[in-house]
Amino acid sequence: MSQLGTPMVDPAVERRANRMMMVILAVVCALLALRAVVGSSVGSGDAAVTEHGFGLVYVQEAKKGFVAEDAKEKAADGTEVEVRRWKPAAPGQTPEISWTEWNEVTAGEWAAAQRARADAPASAPLVTVSWPRTAGVWFAALMTLAVLSFLWRDNPVYKLAESVVVGVSAGYWMIVATWDTLVPKLAGALVPAWTKAHLMPSLESAGVDWWGLVPLGLGMLLLCRLSARVSWLGIFPLAFVVGTFAGLRFVQNIESDLLAQVATMFEPLVVVKHQVLAGADATATAPIDWAGSIGASLSALLILVGVLSVLAYFFFSLEHKGAVGGAARVGIWYLMITFGASFGFTVMGRIALLAARLEFLFDDWLWLIDPSGKH
Amino acid sequence: MSDRPNESFLARLDRIDRRWIFLMMAIAVAGPIIWVGVTGRTFPETATPAVQGAFDAIERLPEGSKVLVSFDFDPASAGELQPMATGFIHHCQLRKHRIYAMTLWAPGSPLIGATLADVIGNDPSYRYGENFVDLGFQAGNEGVMKQVGVDFPKAFPNDSKGTPLARIPMMQGITRLSDFDILISVSAGYPGGKEWVQYGVSPTLTQGHRLPFVAGSTGVQTPQMIPYYPVQMSGILGAIKGAAEYESLVNAKATAPGETVPAKYQEAQRRMAPQLFGHSLMVGLILVGNVIFFAGRRKGAAE
Amino acid sequence: MGRNAAAVLASIVGLVMVLTAFARPLEFLGTAVVDWFNVLAAIAFVLGGANLLKMNLLKISARDAGWGYSAVTVCVFLVTIGVGLLKIGAHPDPLHPDVALSGDKEAVGGAFWWLYEYAMSPITSTLFALLAFYVASAAFRAFRAKNTAAILLLGTAFIVLLGRVYVGVLLTSWIPADNAWVSWLRLENLSGIIMGVFNNAGTRAMMIGIAIGIAATSLKILVGLDRSYLGSSD
């Protein structure tokens, strides 16, 4: 094994693999250049244009302006307080606060807007290429290819993509947890006035909720795990979490996965189905559907036998011989069928994920296909 | 390979570099994607009982029913689950149900906004706060599920934009999970459909009014959800095939004969073509692998 | 002493959760515990991020192999935290445009949204998509029908793989669909029978066994017999 833990490879094979990698990269770059030159027809009718390039994202500007309105309102305790309400600025009104939003549009809408601006520049809203989003599509495409390059072999480009996703994911989860849970439920409970003034102006609070100190205290103890010296303090919040989970799962797992599943087993083993005749009122007097009845009865019997035999297989307190051994053997067969079905479904899932990624590359990036009419 | 001149074809095949298999899989998936993208053709789908059950559960609710949709997935599983989420929202919109969207996965939060914007868009009959609301993400997994079963406003004090629930008209009267008419979970794993059955639906069984529950799950999770159907769940969409079947049911309801179905409502059906070739390749690889194995075993026995 | 106190805390909290399932008047206790639990779960994400920062900074300072990648991770992490906390590029809430941080942190067009949409989302999706290739390679190399169990597994896999796509419908389209005595042999129906009967039975049995195991383990934690979650006492 080499220093990096990868198996040693014949240098000649390594050189051949490197040369093949260079050739593949060169072919891909050439194809991309060709794709950029060939271009795509965007828009329709008179507005149709040939756009050279691909992976572009178009946006339309939407200006927003707001004016303040001071009013007197009755507070909860009956006193009159002055409140400031903001509303959208009316046409012609100078906004006190304003910004521009950019909403994504299709390439066809961009082409139509270009035509409209050529005819009447003042009235048509601005539709343009969004360079940050276009750079984003290209970054996403290159990162996708970087991850797929792992199929060739482990390489620095893949490692770079991996590093990026680890950093972004950790940061993302932290930020979402902060804004969606910690700010409203912790900051909003302990410092509601400050939270309302600076972070969540819509916050409605009845005052300081001192019970918020409990999760805050436990959280601080949890953060002690970062330091080796005081990490032992982290066992308290851990015990809280484990205890909560244990209590929750003790009841709910018994209710839903044990009692309900066993109750479902109490079904008749002999099922009698009647044919559903067109126009008939009562099915009980209709002729018996023998195929359906035998099928349903067999299913019920097979399910009962299957559950009991698989449970017999997992019961290790008795030696698996004789009747128990026979039941366990049948249980193994059922388990093999279960795992085969799981494998089939797993393959289905993975291929769907791969298809989605390739769709992104062919649709959003390369503009080779356009199933949803975006460009 | 060149240093074993007397090696049989099967033996050489046995030692094939796995990157050739990767290439075969890439072609098996990429080719049909381009073909479907260019031709727009998809395979016909017939709904299985579990998918029909999911469709019927939403269909038979009176118009304007309260539907809680939990987007328990992230972009990594969106390839399988986004078509389900789109289908559910579209179906609810057709039935004019009130949609309450939430998620227990932090990366699921933007997916709610994107799905609602994509499906509902600028529909004038669907107003935010009156017909649909985005409640966003809450940390806690089963803790949140348990809490919504008892005190919904405490679990979700505001929507994703920070508006308190008390100021959102359609949240009036919602105090707990059983106040909804149906629960839908689009589930990628943990926490997801299984936990909703355990912590959300099962307690309602003992409260005397079972909350109808429908789930869409990934291929990996679907076999684990089957035992809950049909007693604890009204229906289940299993993997991309389930999504395609559900899409075909909703599209049949939404579009008149001869009318074109918008492409955004055929996402799963488009992905069935690469599925076909991918699955066929898998079966072929397993068969070839076993032919090599048995040929080698027979040769070994002969020697 | 600390371990004993922690075990007692776990027991008390767990018993509260069990009691609230049976006693409606005590529901408020369970709600409070779960509320604190949810906040603690959010703080755990902060811990995760801080730990990531700590481990990678240690790697950078020690100049371990691959420290450059750690530097990338740290930079990207800090950028994500920065744009997320400050809601860079996200406009304020239209009802409160004077409060800069009142807007949606994931507003389309903002920097945080950009990182989610163009960095996190595509890379995580592609990492999962890689598995399709490895499943194919593993199937070619490892799936051998060596015995009855393996034959059952492979046979089931074939039926499900083919029955769930259109090729299965085509292969057995010659079997009449309206004849209930033989229509079950069509691949799409066979895969449904496998899922609804055999997979159902196997998974149900495993579920029952797991539920009993969880109940036993939870009970051991609640009564303080199992303290492995507290780590070693050294």
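Sequence order for the protein chains is U, W and E.
In terms of the numbering used here, the first sequence opens at residue 128 and continues consecutively.
In terms of the numbering used here, the second sequence opens at residue 19 and continues consecutively.
In terms of the numbering used here, the third sequence opens at residue -1 and continues consecutively.
Quick reminder that beta carbons are idealized off the backbone N, C-alpha and C, glycines included.
Since this is a predicted model, take the numbers as computed values, not measurements.
Query                                                                                                                                  : Result
Beta bridge counterpart(s) of L76/E as assigned by DSSP                                                                                : Answer is none; L76/E lacks a bridge partner.
Alpha-carbon to alpha-carbon, L275/U and L485/U                                                                                        : 11 angstroms
Any chain U beta carbon closer than 9 angstroms to I86/E                                                                               : no
W460/U: first and last residue of the uninterrupted alpha helix (DSSP H) it sits in                                                    : G449 to F487
Chain E contacts from the region 322 to 338 of chain U (Cβ-Cβ distance under 8 angstroms)                                              : A324, H325, L326, M327, P328, S329 and W338
Sub-9 angstroms separation of F193/U and R162/U beta-carbons                                                                           : no
Under 8 angstroms by beta carbon: chain U residues contacting A257/W                                                                   : F472, M475, G476 and A479
Residues, ordered as in the chain, of the region 299 to 314 of chain U that lie near chain W by beta-carbon distance below 8 angstroms : Y299, W300, V303, A304, D307, T308, P311 and K312
CB-CB length for V232/W against S252/W, believed under 8 angstroms                                                                     : 5 angstroms
Inter-residue CB distance, H502/U and T233/U (contact presumed, cutoff 8 angstroms)                                                    : 6 angstroms
Whether G47/E touches F75/E by CB criterion (9 angstroms)                                                                              : yes
Where the alpha helix (DSSP H) containing R324/U begins and where it ends                                                              : The question names Arg, but residue 324/U is Ala in the sequence shown. Unbroken alpha helix (DSSP H) run through A324/U: P319 to H325.
Inter-residue Cα distance where the pair is M143/W and N159/W                                                                          : It should be noted that the sequence gives Ser, not Met, for residue 143/W. Approximately 33 angstroms, taken between the alpha carbons.
Alpha-carbon spacing of L134/W relative to I107/W, whole angstroms                                                                     : 7 angstroms
Residue interval of the beta strand (DSSP E) (run including S203/W)                                                                    : I200 to S205
Partner residues on chain W for D490/U, Cβ-Cβ distance less than 8 angstroms                                                           : G55
Residues sharing a beta bridge with R211/U, DSSP                                                                                       : D197/U
Interface flag, G180/U vs chain E, CB-CB below 9 angstroms                                                                             : no
Segment limits, alpha helix (DSSP H) that includes L426/U                                                                              : In the sequence under discussion, the amino acid at residue 426/U is Ser, which differs from the Leu named in the question. Residues W417 to Y440.
Cutoff 9 angstroms: Y164/E Cβ touching any chain U Cβ                                                                                  : no
Where the region 138 to 157 of chain W meets chain E: residues whose CB sits under 8 angstroms from a CB there                         : Q156 and A157
Where N49/E meets chain U, residues with beta-carbon distance less than 7 angstroms                                                    : L353
Which listed residue (L349/U, P222/U, V208/U and M475/U) has its alpha carbon closest to that of P241/W                                : M475/U
Test item: CB-CB of H89/E and G108/E under 9 angstroms                                                                                 : yes
From S83/W, M120/W, D169/W and V54/W, residue whose alpha carbon lies closest to that of S205/W                                        : M120/W
Cβ shell of K212/W (< 7 angstroms), same chain only, five flanking positions each side left out                                        : Q242 and M243
Any chain U beta carbon closer than 9 angstroms to E186/E                                                                              : no
CB of G422/U within 9 angstroms of CB of A8/E, strictly                                                                                : no
N- and C-terminal bounds of the alpha helix (DSSP H) containing Y299/U                                                                 : P283 to A304
Identity of the residues DSSP links to S235/W by a beta bridge                                                                         : S205/W and G256/W
Near-chain W residues of the region 151 to 175 of chain E (beta-carbon distance less than 7 angstroms), N- to C-terminal order         : L152, F156, L159, L160, R162, V163, Y164 and V165
Neighbour flag for T29/E against chain U, beta carbons, 9 angstroms                                                                    : no
Pairwise C-alpha distance: Y227/E and V369/U                                                                                           : 8 angstroms
4-residue-minimum alpha helix (DSSP H) runs that sit fully inside the region 230 to 284 of chain U, ordered along the chain            : 234 to 246 and 258 to 275
Contacts of W279/U in chain W (Cβ-Cβ under 8 angstroms)                                                                                : R37
Presumed contact (8 angstroms Cβ cut-off) between L129/W and A313/W, rounded CB distance                                               : 49 angstroms between Cβ atoms; not a contact.
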